[in-house]
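Engineer: These protein sequence lines are chains S and E, in that order. If you're matching positions, the first sequence starts at 1 in my numbering and goes up one per residue. If you're matching positions, the second sequence starts at 362 in my numbering and goes up one per residue. Below: one structure in structure tokens.
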Amino acid sequence: MQLSPPAASRRLLPLLTAAALLGLAGGARAADGSKDAACLGCHGAMAGARVSFEDGSSLPILVDADSWHHSVHGDKLACTDCHRDISGYPHDVEPSPDARSFQLRAAESCRNCHYAYYTRVLDSIHFKELQAGNPAAPTCTDCHGAHDIQPPGTPRTAIQDRCAKCHPDVAKTYAQSVHGRTLAADPDAPVPTCTDCHGAHDIHDPRNAAFHADSWKICADCHGDAERMKPYGLSPDVVTTYLDDFHGVSNRLYSMGAGEPGRPIAVCTDCHGFHDIQPFDDAGTTEQVQARVAQLCQKCHEGATPNFSKAWLSHYPPTLDKAPLVWAVKWVYRLMIPGIMLGLVLHILLHLWRLRGRRNA
Amino acid sequence: MRDVKIVEKSDGTVLVERFSPMRRVEHILVITTFTVLLLTGFPQKFEGAWAAALLRLFGGLDTARLIHRAAGIVFVSHAVFHIGSILVGMLSGRMRPTLLPVPQDLRDAWENLRYYFGFRPHPPPFPKFDYRQKFEYLGLVLGGLVMASTGLILMFPIQAANLLPGQVIPAAMVAHSNEAMLAFLVLAIWHVYGAHLSPEVFPMDTSVFTGFMTREELAHHHPLEYARLFGEMPEPWREEPAGTDAKSPSKADTSPAPGEPHPNP
């Protein structure tokens with residue numbers, strides 16, 4: 001490792017020692033911060049000092065003492081709990097080909113305590129990207145920070161900002177959606193942000209078939225919950241009506257392990273969109289909505305007409321009002337099946353009763 | 362006049378043909394298609410872990426649906442053949458409509474209930490197929506028509522929507538699913554009782570597989586058919602006073618029905 005300007009020499013001993021002493025004598029934080037004082041003597045003071053790597057890239061060595069102390073680890077961990085390869089002073093840094101490699105290796109220390117999260121990350125698309133040789137894919141510290149780690153969901157809007165660092169277009173689209181707008185207006189609103197749908201550590205590739213077939217569950221978690229929907233005047237019927245319909249039946253069976261879908265079957269997002277979900281309040285007239293539904297049907301059903309799209313009952317349960325034919329068929333069977341079966345069973349019991357009577361006679 | 366085979370075995374047992382070989386094959390075909398349709402259809406109706414496991418057995422939901430549709434096409438083709446063969450048989454005068462429900466069946470049902478309640482000593486004399494068997498056959502045919510038409514709508518929804526209102530498609534789904542349930546219940550309770558568990562046939566009425574029934578069984582269960590074939594009413598119906606509700610139809614039924622064959626006039 002090399003220390004680069006403004007410290008001109010490789011050895012900064014006198015300066016660092018002085019800074020360390022200052023840190024120790026610094027008073028105010030000495031009671032709870034003394035465990036870090038020796039390190040912060042240099043790393044808390046040397047603004048502008050950088051450590052440079054083999055390819056010429058470099059990282060600042062400065063740690064903001066205040067944000068470190070106020071981080072979730074500030075009162076729990078000492079510097080060397082994470083930086084385990086460092087002990088004593090002066091210290092070297094393990095040689096790294098470049099700054100990013102150094103960061104990626106440093107983040108490995110998180111697993112010493114957060115092993116469960118670490119293993120979940122191993123299943124994520126981000127880790128697969130890293131493995132595939134894309135060093136830009138995020139590791140722990142890219143989302144959580146390193147020395148300034150705060151509880152991840154405070155405020156919840158911070159989550160989308162973190163994802164936006166790499167996914168700016170998605171973030172922009174999301175911000176204009178019904179979920180994004182609601183969250184922007186009220187950071188405590190129980191509307192989903194990125195991680196609510198995608199997960200945080202075990203983020204799966206949303207482009208694969210299994211994710212698509214299962215994705216209705218993500219929406220159902222909230223939209224099937226009557227209590228949760230009440231403030232927004234939304235009906236939990238949207239989930240049950242979907243699950244009772246062809247697409248829902250299919251996808252639910254696939255989710256339960258009935259094989260792989262040979263072709264994608266429509267889920268919520270195929271009609272409603274995903275990052276750009278909009279409410280239906282201002283979707284236009286009934287005719288306009290129906291025309292749009294017909295277009296959506298055509299995405300999969302070649303030759304679908306507006307009449308065909310009426311096969312979909314628009315999330316309404318089949319009431320006399322909304323779908324009289326379906327309602328009537330349902331009720332005919334609701335009466336006919338018990339009626340017929342009751343008659344047949346009675347007939348059988350009477351037969352047995354008579355046969356027994358004759359034998360006794 | 363004998364339009365059915367009567368065989369006397371060496372031990373003296375007289376066997377009367379009840380089902381032609383074609384009908385026996387048809388029965389086995391119905392068992393097969395019905396079972397396949399049920400096993401591939403019900404898991405789609407009910408879902409649950411068992412449903413997924415069953416569908417996996419068929420190679421997954423997609424394959425199960427393919428099998429379901431293939432079996433459905435076999436069923437529909439069979440229905441067309443069956444109804445066609447009956448029409449041809451009827452029009453050419455070589456077949457009696459022995460399974461066609463007639464008003465007498467309602468009277469038989471009423472009389473049989475009176476027998477069950479002890480108002481008469483014997484059941485009414487039944488023809489070749491009694492009202493219970495006719496009910497089941499009618500159920501199979503009408504239910505089959507419902508299953509076939511709704512199944513075709515579900516199989517060709519785009520084409521169906523070109524001819525019918527779109528709402529017919531979800532209605533067909535509800536009908537298909539419920540009619541299947543009804544068919545299954547009638548089979549599991551009514552048919553299993555009538556053909557297996559009833560003390561009168563336990564453990565099994567084999568005639569639909571062998572094609573034959575003994576003369577005694579025929580006399581007991583279908584006295585009118587017995588009378589038609591052997592020229593006299595069996596006991597205990599012989600002594601029934603003439604003019605009762607139960608007796609009067611026997612006159613009509615023992616005489617050749619319209620369209621009945623007269624191979625040796």
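Think of the CB as a built atom: it goes at the ideal place given N, C-alpha and C, for glycine as much as any other residue. For clarity, every value in this text was computed on a predicted model and none was experimentally measured.
Could you say which of E:Ile367, E:Ser381, E:Glu369 and E:Val375 lies nearest to Gly572 (chain E) if we only look at CA atoms?
Structural biologist: Closest option to Gly572 (chain E), Cα to Cα, is E:Ser381.
Engineer: To the nearest angstrom, how far is the alpha carbon of Thr459 (chain E) from that of Ile447 (chain E)?
Structural biologist: Rounded to the nearest angstrom, the two C-alpha atoms are 11 Å apart.
Engineer: How about Val502 (chain E): is its C-beta nearer than 8 Å to some C-beta of chain S?
Structural biologist: False, the Cβ-Cβ gap to chain S never drops below 8 Å.
Engineer: In whole angstroms, what is the alpha-carbon distance linking Asn523 (chain E) and Asp245 (chain S)?
Structural biologist: So the two alpha carbons sit approximately 20 Å from each other.
Engineer: Here's the rule I'm using: 16 or more other beta-carbon atoms within 10 Å means buried, otherwise exposed. How should His557 (chain E) be labelled?
Structural biologist: Under this definition His557 (chain E) is an exposed residue.
Engineer: Does the Cβ of Gly27 (chain S) have 16 or more other Cβ atoms within 10 Å, making it buried, or fewer, making it exposed?
Structural biologist: Summary for Gly27 (chain S): the model assigns pLDDT 39, below 50, so the residue's position carries little reliability; its value from the coordinates is reported in the next sentence. By the neighbour-count rule (16 or more Cβ atoms within 10 Å), Gly27 (chain S) is not buried but exposed.
Engineer: Quick test of your reading: Val329 (chain S) and Val391 (chain E), contact by CB under 8 Å. State the CB separation rounded to the nearest angstrom.
Structural biologist: Actually they do not touch by this definition, with Cβ atoms about 25 Å apart.
Engineer: For Leu467 (chain E), count the other beta carbons within 10 Å of its own beta carbon; 16 or more makes it buried, fewer makes it exposed. Which is it?
Structural biologist: Leu467 (chain E) comes out exposed.
Engineer: Taking buried to mean at least 16 other C-beta atoms within 10 Å of its own C-beta, is Gly44 (chain S) buried or exposed?
Structural biologist: By the neighbour-count rule (16 or more Cβ atoms within 10 Å), Gly44 (chain S) is buried.
Engineer: Taking the straight line between their C-alpha atoms, what separation do you get for Val267 (chain S) and Leu296 (chain S)?
Structural biologist: Roughly 12 Å separates the two Cα atoms.
Engineer: For Leu543 (chain E) and chain S, any beta-carbon pair shorter than 8 Å?
Structural biologist: It does: the Cβ of Leu543 (chain E) has a partner Cβ on chain S nearer than 8 Å.
Engineer: Might you give, ordered along the chain, the residues of its own chain that have their beta carbon closer than 8 Å to the beta carbon of Phe308 (chain S), omitting 5 neighbours on each side?
Structural biologist: The residues are Ala294, Cys297 and His301.
Engineer: For Asn208 (chain S), decide whether its Cβ has a neighbour in chain E, counting only Cβ atoms nearer than 8 Å.
Structural biologist: Output row for Asn208 (chain S): interface = no.
Engineer: Look at the Cβ atom of Gly259 (chain S), then the Cβ atom of Leu415 (chain E), and state whether they are nearer than 8 Å.
Structural biologist: In this structure, Leu415 (chain E) does not lie closer than 8 Å to Gly259 (chain S) by Cβ.
Engineer: By how many angstroms is the C-alpha of Asp221 (chain S) removed from the C-alpha of Val178 (chain S)?
Structural biologist: Going from the Cα of Val178 (chain S) to the Cα of Asp221 (chain S) covers about 17 Å.
Engineer: Among the candidates S:Ser58, S:Ile86, S:Asp36 and S:Val63, whose CA atom is the shortest distance from the CA of Arg76 (chain S)?
Structural biologist: For clarity, residue 76 (chain S) is Lys in the given sequence; the question names Arg instead. Selected option, being the one with the closest Cα: S:Asp36.
Engineer: Within the same chain, show all residues whose beta-carbon is closer than 7 Å to that of Phe53 (chain S), passing over the 5 residues directly before and after it, in chain order.
Structural biologist: If we look at Phe53 (chain S) and ignore the five residues flanking it on each side, its Cβ neighbours are Ser96, Pro97, Asp98, Ala99 and Phe102.
Engineer: What residue range is occupied by the uninterrupted alpha helix (DSSP H) comprising Val289 (chain S)?
Structural biologist: Unbroken alpha helix (DSSP H) run through Val289 (chain S): Thr286 to Gln298.
Engineer: Assuming Pro187 (chain S) contacts Pro155 (chain S) (C-beta within less than 8 Å), just tell me the rounded distance between them.
Structural biologist: The pair is a contact, with the Cβ atoms about 5 Å apart (cut-off 8 Å).
Engineer: Under 8 Å between C-beta atoms, does Ser215 (chain S) make it to chain E?
Structural biologist: False, the Cβ-Cβ gap to chain E never drops below 8 Å.
Engineer: Express the C-alpha separation of Pro560 (chain E) and Tyr316 (chain S) in angstroms, rounding to a whole number.
Structural biologist: Approximately 50 Å between the Cα atoms of the pair.
Engineer: Are the region 121 to 130 of chain S and the region 195 to 208 of chain S touching, with three or more C-beta to C-beta distances below 8 Å?
Structural biologist: Judged by Cβ distances under 8 Å, the region 121 to 130 of chain S makes contact with the region 195 to 208 of chain S, as three or more pairs qualify.
Engineer: What is the DSSP secondary structure of Glu561 (chain E), reduced to helix, strand or coil?
Structural biologist: Correct three-state label for Glu561 (chain E): coil.
Engineer: Should Tyr118 (chain S) be flagged as near chain E, meaning a C-beta pair shorter than 8 Å?
Structural biologist: No, because no Cβ of chain E sits closer than 8 Å to the Cβ of Tyr118 (chain S).
Engineer: Suppose you measure from the CA of Gly23 (chain S) to the CA of Asp64 (chain S); what does that come to, to the nearest Å?
Structural biologist: The predicted position of Gly23 (chain S) is uncertain, since its pLDDT is 43 and thus under 50; a value taken from the coordinates is nonetheless stated next. Distance between the alpha carbons of Gly23 (chain S) and Asp64 (chain S) is about 13 Å.
Engineer: Provide the residue(s) that pair with Glu369 (chain E) in DSSP beta bridges, ordered along the chain.
Structural biologist: Beta-bridge pairing links Glu369 (chain E) to E:Val375.
Engineer: Report all residues from its chain with a CB closer than 7 Å to the CB of Phe419 (chain E); omit the five preceding and five following residues, and keep chain order.
Structural biologist: Counting only Cβ-Cβ distances below 7 Å, and skipping sequence neighbours, we find Thr401, Ala425 and Ile428.
Engineer: Thinking Ala189 (chain S) and Thr182 (chain S) are a contact (beta carbons under 8 Å), I'd like their distance in whole angstroms, please.
Structural biologist: Sure, about 5 Å apart at Cβ, within 8 Å.
Engineer: Please list the terminal residues of the continuous alpha helix (DSSP H) segment that includes Thr319 (chain S).
Structural biologist: Element bounds for Thr319 (chain S): n/a, residue is neither H nor E.
Engineer: Taking only beta-carbon atoms, is Lys299 (chain S) less than 8 Å away from chain E?
Structural biologist: No, its Cβ sits nowhere closer than 8 Å to a Cβ of chain E.
Engineer: With distances taken Cα to Cα, identify the nearest neighbour of Cys82 (chain S) among S:Asp55, S:Cys113 and S:Pro90.
Structural biologist: Cα-wise, what sits closest to Cys82 (chain S) is S:Cys113.
Engineer: Straight-line CA distance for Val547 (chain E) to Gly262 (chain S)?
Structural biologist: Those two C-alpha atoms are separated by around 35 Å.
Engineer: May I ask which residues mark the beginning and end of the alpha helix (DSSP H) holding Pro464 (chain E)?
Structural biologist: Its alpha helix (DSSP H) spans residues Pro464 to Tyr477.
Engineer: Please state whether DSSP places Gly572 (chain E) in a helix, a strand or coil.
Structural biologist: If DSSP states are grouped into helix, strand and coil, Gly572 (chain E) belongs with coil.
Engineer: Residues of the region 478 to 505 of chain E in Cβ contact with chain S at a cutoff of 8 Å, in chain order, please.
Structural biologist: Listed in sequence order: Phe478, Gly479 and Arg493.
Engineer: Could you check how far apart the C-beta atoms of Ala397 (chain S) and Pro564 (chain E) are, in whole angstroms? I think they sit under 8 Å.
Structural biologist: With chain S covering 1 to 361 only, the question about residue 397 (chain S) has no answer from this structure.
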